[in-house]
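Here's the structure, in structure tokens; my notes come after.
Protein chains in written order, with my numbering: chain A, 20 to 317; chain B, 197 to 626.
So, in structure tokens, the structure goes:
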């Protein structure tokens, strides 16, 4: 009896050693590339940074400067506005695309590939092409509309423009995730429902939506996080010389400008820490809210 | 168990091998291998030719030219400076030189020529060129590489269509506006495209009018001076004319793009872009030419002429392991021979005085010969590009205020006060 126990523990020990070895590359990578820089950022957010990696600890100075700066609050508003524009509409459209891709149609695989394509293209390339299409004087969109809308330079429109491009880029990826959720729904529910005389619309609301809600929840969290962190798209679409910059500047864009244009990495770091806190808060609220609408029963 | 050890050792060995490979100046062929970092791919061949000329005479040295794009160059160089792994030789720009010099990251090269010719710098380089290589302490932290000026680029066909004479050295601001109006009336195309840029825009106008962006002390701004304000107002108001696109237009279409797609007749361009534009727009050859900047008709002080002149230099780290060899290479880069090779490659106008013609001659290769002499003529009244060590802090603020004036979000007077404050705040923050 005892013999067996010793053997088992020996075995377990060697197995756990292997396990540690296997996770080591990931853990080391995380420590070096994520955890250490994150701790460093926290330190920097309490410091005044000088060139060449030098810094002086200055306590809360950066945070005080940040919270009293109108530019910072403007960036918060811009970021939230961007989320409001992209997340609900993006999710809605992704779900519709997913449902349509789930239907039995000819060339289903081809359609799935087409919708997924924007995800494969580099964001910088996407932004460049859209920028040309949105050009006031020579762009194809204004040519079709026979109008002269300042898509990129009008402070009131610029965020809508960014949102259009963001939604376009994200639909394919989100739809593929949702599609995998849809395919897990057993056909028998629909058969039973149609026998009972439920319409397609009723089937969508009473079967599809509740059954896909766990996937929808995951997609929503991811989409909201990436919207709060939006940077590359706005950077590519809205240049330094754009008069609408202040109405398009997101939190991460503000971080970039403070850290790399002005060279004030301390203040830039506080903006990052604030954004991390904001994302944490929003995600916590979502996890609390999911109890009300996400259905985990099969 | 043995197997396990082997597996654990493997990554360590790999890491060690990588580390060894990383600092591979330890040469197997007994030569000294130097790296030379630049940001302009168009100048790679010229730089390589210059290095080859040196290594032909010094077979024990090898120099490798590496190109990093402008956008990554400074991030990389700063990271290299922090970890003491800077390239052996690199280009330095006036935007950054004060920072690097003041923090001791680039070597003081003031006495580079002391053994051979103590007055070498002053003898062969202009005052503006030497100001561009100085640290805040007035010592030389680089060997002058090139110098540049800003000129007026114009579309000949549009001038012909409107029946207006081409710009020449007699032109004033009034002629610029008048010609723009006539071209707009006759062709419907834009005239002079005045966009919100400093070096290729309002700085030139301010100095022509006798104003300044930075006062003599190099710290206080000049935005409170009447001469500066008058020139700024003139320049900013140009966008109110029908013949000039507004800042919204420029946010989407740069003046260069508009010019070479034949949407506008004139814009300000630096001489460093001209060769590339000749090569990139072969269909436009013969349709455009260059002229000196128009002068201010009634300057508050001075002659009414100015153009902003900037210049790069070659620099090295004071911690370099082969500092003596590197200094010898730099001495060659600053020599007449080194500068001549650079000029003949068409890369840029050599900083070395008397070699300007080498750059001009490069344009003989084209069927249509641009009047590039004008860029060299303007050195007679060129003004050093505006710079102090706080520039990276105030420049974004000043640009932002300029945009607000353009969009009407801020009045002109408030804008000028704001710019003046931005310069003051940047200096005080230090």
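Cβ coordinates follow ideal geometry from the N, Cα and C atoms, glycine included. As the structure is a prediction and not an experimental result, all values here were calculated from the model.
- Message: So if DSSP puts residue 174 of chain B in a beta bridge, which residue, or which two residues, is it bridged to?
- Response: Since the first and last residues shown for chain B are 197 and 626, residue 174 of chain B lies out of range.
- Cβ-Cβ separation, residue 186 of chain A to residue 180 of chain A (assumed contact under 8 Å), whole Å: In the first chain, the residue the question calls residue 180 of chain A occupies position 161. In the first chain, the residue the question calls residue 186 of chain A occupies position 167. About 11 Å; that fails the 8 Å criterion.
- Task: Would you give the residue range spanned by the beta strand (DSSP E) that residue 288 of chain B belongs to?
- Result: Position 92 of the second chain, counting from 1, holds the residue named residue 288 of chain B. Its beta strand (DSSP E) spans residues 285-288.
- Which parts of the stretch 465-506 of chain B are runs of the alpha helix (DSSP H), unbroken and 4 residues or longer, counting only runs that do not cross its ends? 470-476
- Task: Spell out the partners DSSP gives residue 248 of chain A in its beta bridges.
- Result: Position 229 of the first chain holds residue 248 of chain A. Its beta-bridge partners do not exist; DSSP assigns none.
- Using the beta-carbon count (16 or more within 10 Å), is residue 320 of chain B buried or exposed? The residue labelled residue 320 of chain B in the question sits at position 124 within the second chain. Result: buried.
- Can you pull the chain A residues whose beta carbon is under 9 Å from the beta carbon of residue 592 of chain B, in chain order? Along the second chain, read from residue 1 onward, the residue named residue 592 of chain B stands at position 396. Here the neighbours are 259, 276, 280, 281.
- Task: Apply the 10 Å Cβ neighbour rule to residue 197 of chain B and answer buried if 16 or more other Cβ atoms are within range, or exposed otherwise.
- Result: On the second chain, position 1 is the one that residue 197 of chain B refers to. Only weak support is given to the placement of residue 197 of chain B: the predicted model assigns it a pLDDT of 38, under 50, and the value that follows is read from those uncertain coordinates. Classification for residue 197 of chain B: exposed.
- Residues from the stretch 432-447 of chain B in contact with chain A, defined by Cβ distance under 8 Å: 443, 444, 445, 446, 447
- Return no unless some Cβ of chain B is closer than 7 Å to the Cβ of residue 229 of chain A. Walking along the first chain from the start, residue 229 of chain A turns up at place 210. Closer than 7 Å: no.
- Item | Selection of the stretch 77-96 of chain A by Cβ proximity to chain B, strictly under 8 Å | none
- Item | Beta-carbon proximity of residue 116 of chain A to residue 134 of chain A, cut-off 7 Å | Here residue 116 of chain A is taken as the residue at index 97 of the first chain, counted from 1. Here residue 134 of chain A is taken as the residue at index 115 of the first chain, counted from 1. The answer is yes: Cβ separation under 7 Å.
- Message: Using only CA atoms, which one of B/293, B/313, B/345 lies nearest to residue 334 of chain B?
- Response: For the purposes of this step, residue 334 of chain B is taken as residue 138 along the second chain, with counting starting at 1. Closest option to residue 334 of chain B, Cα to Cα, is B/293.
- In or out: residue 265 of chain B buried (at least 16 other Cβ within 10 Å) or exposed? Position 69 of the second chain holds residue 265 of chain B. By the 10 Å Cβ count, residue 265 of chain B comes out exposed.
- chain B partners of residue 71 of chain A, CB-CB under 7 Å? Numbered from its first residue, the first chain carries residue 71 of chain A at position 52. The answer, in chain order, is 274, 277, 278, 299, 301.
- Query: Hey, is residue 20 of chain A's beta-carbon within less than 7 Å of any beta-carbon in chain B?
  - Reply: Residue numbering aside, residue 20 of chain A sits at position 1 when the first chain is read from its first letter. A caution first: residue 20 of chain A carries a pLDDT of 47, below 50, which makes its placement in the model unreliable, though a value can still be read off. Cβ-Cβ to chain B under 7 Å: no for residue 20 of chain A.
- Query: So which residues on chain B does residue 169 of chain A lean against when the C-beta distance must stay under 7 Å?
  - Reply: Here residue 169 of chain A refers to the residue found at position 150 when the first chain is read from its first residue. In chain order: 444.
- Task: Step through the CB atoms of chain A and report whether any lies within less than 7 Å of the CB of residue 267 of chain B.
- Result: Residue 267 of chain B sits at position 71 when you count from the first residue of the second chain. Closer than 7 Å: no.
- In the stretch 134-156 of chain A, which residues sit with their C-beta less than 7 Å from some C-beta in chain B, listed in chain order? 154, 155, 156
- Do three or more CB pairs link the stretch 337-349 of chain B to the stretch 503-513 of chain B at distances below 8 Å? yes
- According to DSSP, which residues form a beta bridge with residue 463 of chain B? Here the question's residue 463 of chain B lines up with position 267 in the second chain. Its beta-bridge partners are B/349.
- Task: Note the first and the last residue of the continuous alpha helix (DSSP H) segment covering residue 207 of chain A.
- Result: Working through the first chain from its first residue, we reach residue 207 of chain A at position 188. Element bounds for residue 207 of chain A: 206-214.
- Report yes or no: do the stretch 559-576 of chain B and the stretch 467-480 of chain B share at least 3 C-beta pairs separated by less than 8 Å? yes
- Close Cβ partners of residue 142 of chain A (< 8 Å) along its chain, the five nearest in sequence each way excluded: Walking along the first chain from the start, residue 142 of chain A turns up at place 123. Excluding positions up to five away in sequence, the list reads 188, 251, 252, 255.
- Item | Whole-angstrom distance between residue 246 of chain A and residue 10 of chain A, CA atom to CA atom | Past the boundaries of the shown model lies residue 10 of chain A; chain A is included only from 20 to 317, so the question cannot be answered.
- Query: Which chain B residues are close to residue 172 of chain A, counting only those with a beta carbon under 7 Å from its beta carbon?
  - Reply: For this step, residue 172 of chain A is matched to residue 153 along the first chain. The answer, in chain order, is 444, 447, 448.
- So, is the C-beta of residue 221 of chain B closer than 7 Å to a C-beta in chain A? To locate residue 221 of chain B, count along the second chain from 1; it is residue 25. No answer about residue 221 of chain B holds up, because its pLDDT of 47 lies below 50 and its placement is not dependable.
- C-alpha distance - residue 282 of chain B paired with residue 330 of chain B, whole-angstrom precision: Position 86 of the second chain, counting from 1, holds the residue named residue 282 of chain B. Position 134 of the second chain, counting from 1, holds the residue named residue 330 of chain B. Roughly 20 Å between the two C-alpha positions.
- Task: Could you pull out every residue in the same chain whose Cβ sits closer than 6 Å to the Cβ of residue 500 of chain B, ignoring the five residues on either side in sequence?
- Result: As a working mapping, residue 500 of chain B is identified with position 304 in the second chain. If we look at residue 500 of chain B and ignore the five residues flanking it on each side, its Cβ neighbours are 404, 491, 492.
- Message: Against chain A, which members of the stretch 592-610 of chain B pass a CB distance test of less than 7 Å?
- Response: 592, 595, 599, 602, 603
- Message: Suppose the cutoff is 6 Å on Cβ atoms and the five residues either side in sequence are ignored; what does the same chain contact list for residue 74 of chain A look like?
- Response: Residue 74 of chain A sits at position 55 when you count from the first residue of the first chain. Once the five neighbours on either side are set aside, the close Cβ partners of residue 74 of chain A are 66, 68.
- In angstroms with no decimal places, state the Cα-to-Cα distance between residue 110 of chain A and residue 190 of chain A. To locate residue 110 of chain A, count along the first chain from 1; it is residue 91. To locate residue 190 of chain A, count along the first chain from 1; it is residue 171. About 8 Å.
- Message: Applying the 10 Å Cβ sphere with the 16-neighbour rule, what's the burial state of residue 215 of chain A?
- Response: On the first chain, position 196 is the one that residue 215 of chain A refers to. Residue 215 of chain A comes out exposed.
- Query: Between the Cα of residue 275 of chain A and the Cα atoms of A/72, A/184, A/91, which residue gives the shortest distance?
  - Reply: Walking along the first chain from the start, residue 275 of chain A turns up at place 256. Comparing Cα positions, the closest option is A/91.
- Item | Collapsed DSSP secondary structure at residue 123 of chain A in the structure displayed | Within the first chain, residue 123 of chain A is the residue found at index 104, counting from 1. Coil at residue 123 of chain A, not helix or strand.
- Task: Could you say which of B/371, B/393, B/579, B/455 lies nearest to residue 322 of chain B if we only look at CA atoms?
- Result: Mapped onto the second chain, residue 322 of chain B falls at position 126. Ranking the options by Cα distance to residue 322 of chain B, first place goes to B/579.
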